[in-house]
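In the numbering used here, the protein residues as written are 4 to 399.
The beta-carbon is built from N, C-alpha and C at its ideal position, and this holds for glycine as well.
Quick caveat, the model's predicted, so the values are computed rather than measured.
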């Protein structure tokens, strides 16, 4: 039987425009988030038995260099890269170490130091890992560069054509997430915009305007995970949040079935969510707060269906209902999401974990959702991996 896994400490930096903070390199980012997480857990680094460190852009063993800012105790440090789901993959691996009894306390840490502008390839002397995905999309959609807005925009267009979704539905998601971020001091952007502002901002790939797209960002996040015995011995019951379900999926053969939505991971998301719901004994209706991967507003809309918040084809109606913001059935992305909080690739999944931990503890300040008993996290990286995690307040 697998051991129970608890989040006992979280920390993150403010997410920033790349290069905005002078002298703020990835070791400094990691030290800031990691120190906060350790302080939150009330432990010292020498009690951590394993560390999993995520980043997408950086040289080999950057994970060690980052962790050495917290301490040098000879523990295993594993470098993790899973595209935009890197942070949650580090979280998944740290949790697996606890579940399997290989460690009683583990650190998951993620960071990113990014270049301004759209994402590009680093190694052009070999086949691109997304090449097959791009080729499949090119067969059903006009080609646009940079690839990311094209891929998610094409999936949005497909939904519009199939189900009658409108450009306004996508814009409403951007408006919601920017509005939520006003109350998040860690967010890269803390400005609200009217729906018309969202619609009128620069078109990136119709229907996606600039204010519906996540920016490149610098930043870091961290989480301390622990076993039940560690929680007991350190008196952490009052702040421990239990991971009650967690799954990672990668691409299925259906990814290349000729639909844009599967090319961007729809089936990965569906299958990961189903596994988590089965593990946790919960359904979508049992969560009060959700942090999901809104790299573009089109992805958030599709995730409403993939995660089971509504039936397939009904996401537009869900948007119009107001059930994904305060006062509705769920509050989705109270942090502002990737669109407004920012998206430093290696840190995103751990920032989501931090936000949901605060929500479950009731310490999220002006962002606090009422009556949170269970929280859901979704993080995806194309090429591909999807990680879904369910959390509940620890009942011990």
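Query - Touching by the beta-carbon criterion (3+ pairs, under 8 Å), the segment 374–389 and the segment 291–303 - result: Touching, yes.
Query raised in the report: Which residues in the same chain have their Cβ closer than 6 Å to the Cβ of residue 319, if we skip the five residues on either side of it in sequence?
Result: So the list reads 168 and 172, once near-sequence residues are dropped.
Query raised in the report: Out of 310, 259 and 267, which has the shortest C-alpha to C-alpha gap to residue 274?
Result: Looking at the Cα atoms, 310 is the closest of the given residues.
Query raised in the report: Nearest CA to the CA of residue 219: which residue from 48, 277, 247 and 343?
Result: Taking only the C-alpha atoms, the option nearest residue 219 is 343.
Report task. Please list, in chain order, all residues of the same chain as residue 132 whose beta carbon is under 6 Å from its beta carbon, the five residues on each side excluded. Result -> Excluding residues within five positions, the ones whose Cβ falls inside 6 Å are 386.
Query raised in the report: Is the segment 193–205 touching the segment 86–103, taking contact as three or more C-beta pairs under 8 Å?
Result: Using a C-beta cut-off of 8 Å, the segment 193–205 makes no contact with the segment 86–103, since fewer than three inter-stretch Cβ pairs fall below that distance.
Report task. Would you mind giving the Cβ-Cβ distance between residue 42 and residue 70, rounded to the nearest angstrom? I have them listed as a contact below 8 Å. Result -> Under the criterion of beta carbons closer than 8 Å, residue 42 and residue 70 do not qualify as touching, at roughly 16 Å.
Report task. Mark residue 143 as exposed unless 16 or more other C-beta atoms lie within 10 angstroms of its C-beta, in which case mark it buried. Result -> When all chains shown are included, residue 143 counts as exposed.
Query raised in the report: Where does residue 297 land, buried or exposed, given buried means 16+ other C-beta within 10 angstroms?
Result: Flag for residue 297 reads buried.
**Report entry** Identity of the residues DSSP links to residue 19 by a beta bridge
**Finding:** The partner list for residue 19 (beta bridge, DSSP) reads 221.
Requested in this report: Using beta-carbon positions only, say whether residue 391 and residue 249 come within less than 9 Å of one another.
Outcome: It is a contact, given that the beta carbons lie within the stated cut-off.
Query raised in the report: Taking the C-alpha atoms as reference points, what is the distance between residue 55 and residue 164?
Result: Their backbone Cα atoms lie some 42 Å apart in a straight line.
Query raised in the report: Does the distance from the CB of residue 117 to the CB of residue 348 come in under 9 Å?
Result: Yes, the pair counts as a contact, with Cβ atoms nearer than the cut-off.
Query - Delimiting residues of the beta strand (DSSP E) encompassing residue 252 - result: First-last of the beta strand (DSSP E) with residue 252: 244–252.
Query raised in the report: Would you call the CB atoms of residue 13 and residue 328 closer than 9 Å?
Result: No, Cβ-Cβ distance for residue 13 and residue 328 is not below 9 Å.
Query raised in the report: Any idea if residue 258 is buried or exposed, counting beta-carbon neighbours within 10 angstroms, 16 or more meaning buried?
Result: With 16 or more other CB atoms across the displayed protein chains lying within 10 angstroms of its CB, residue 258 is buried.
Report task. Tell me whether the beta-carbon of residue 389 lies closer than 9 Å to the beta-carbon of residue 266. Result -> Remark: C-beta atoms of residue 389 and residue 266 do not approach each other more closely than 9 Å.
**Report entry** Residues sharing a beta bridge with residue 279, DSSP
**Finding:** Partner residues in a beta bridge of residue 279, as assigned by DSSP, do not exist.
Query raised in the report: Of all the beta strand (DSSP E) runs that stay within the bounds of the segment 31–88, which reach a length of 3 or more residues?
Result: Correct list: 53–57 and 80–83.
Query raised in the report: Within 9 Å (strictly less), CB to CB, does residue 58 reach chain C?
Result: Of the protein chains in the structure, only one exists, and it is not chain C.
Query - Range covered by the alpha helix (DSSP H) that runs through residue 155 - result: Residues 150–166.
**Report entry** With 16 other Cβ atoms within 10 Å as the buried cut-off, status of residue 155
**Finding:** Buried.
Query - C-beta atoms of residue 414 and residue 336 nearer than 9 Å - result: The structure shown does not extend to residue 414, since the chain spans only 4 to 399, so no value can be given for it.
Requested in this report: Have a look at the DSSP bridge pairing and note the partners of residue 382.
Outcome: Answer is 390, bridged to residue 382.
**Report entry** Delimiting residues of the alpha helix (DSSP H) encompassing residue 288
**Finding:** Per DSSP, residue 288 lies in no alpha helix (DSSP H) segment and is marked neither H nor E.
Requested in this report: Closer than 8 Å by C-beta to residue 45: which residues in its own chain qualify, once you throw out the five before and the five after it? Chain order, please.
Outcome: Contacts found: 12, 237 and 239.
Query raised in the report: So who's on the other strand from residue 12, going by DSSP bridges?
Result: 227, per the DSSP bridge assignment.
Query raised in the report: Which residues share a DSSP beta bridge with residue 206?
Result: Residue 206 pairs with 212.
Query raised in the report: Taking the continuous alpha helix (DSSP H) assigned at residue 340, which residues delimit it?
Result: Element bounds for residue 340: 340–344.
Report task. Give me the Cα-Cα distance between residue 208 and residue 186, rounded to the nearest whole angstrom. Result -> About 29 Å.
Query raised in the report: For the beta strand (DSSP E) that residue 113 lies in, which residues bound it at each end?
Result: Note, residue 113: beta strand (DSSP E), 108–115.
Report task. Confirm, please, whether the CB-CB distance from residue 251 to residue 95 is below 9 Å. Result -> Going by C-beta atoms, residue 95 is nearer than 9 Å to residue 251.
Requested in this report: Would you decide whether residue 159 is buried or exposed? Buried here means 16 or more other CB atoms lie within 10 Å of its CB.
Outcome: Under a 10 Å Cβ-count criterion, residue 159 is classified as buried, with 16 or more other Cβ atoms of the shown protein chains found around its own Cβ.
Requested in this report: Measure from the alpha carbon of residue 271 to the alpha carbon of each residue in 254, 284, 283 and 277, then state which is nearest.
Outcome: Ranking 254, 284, 283 and 277 by Cα distance to residue 271 puts 254 first.
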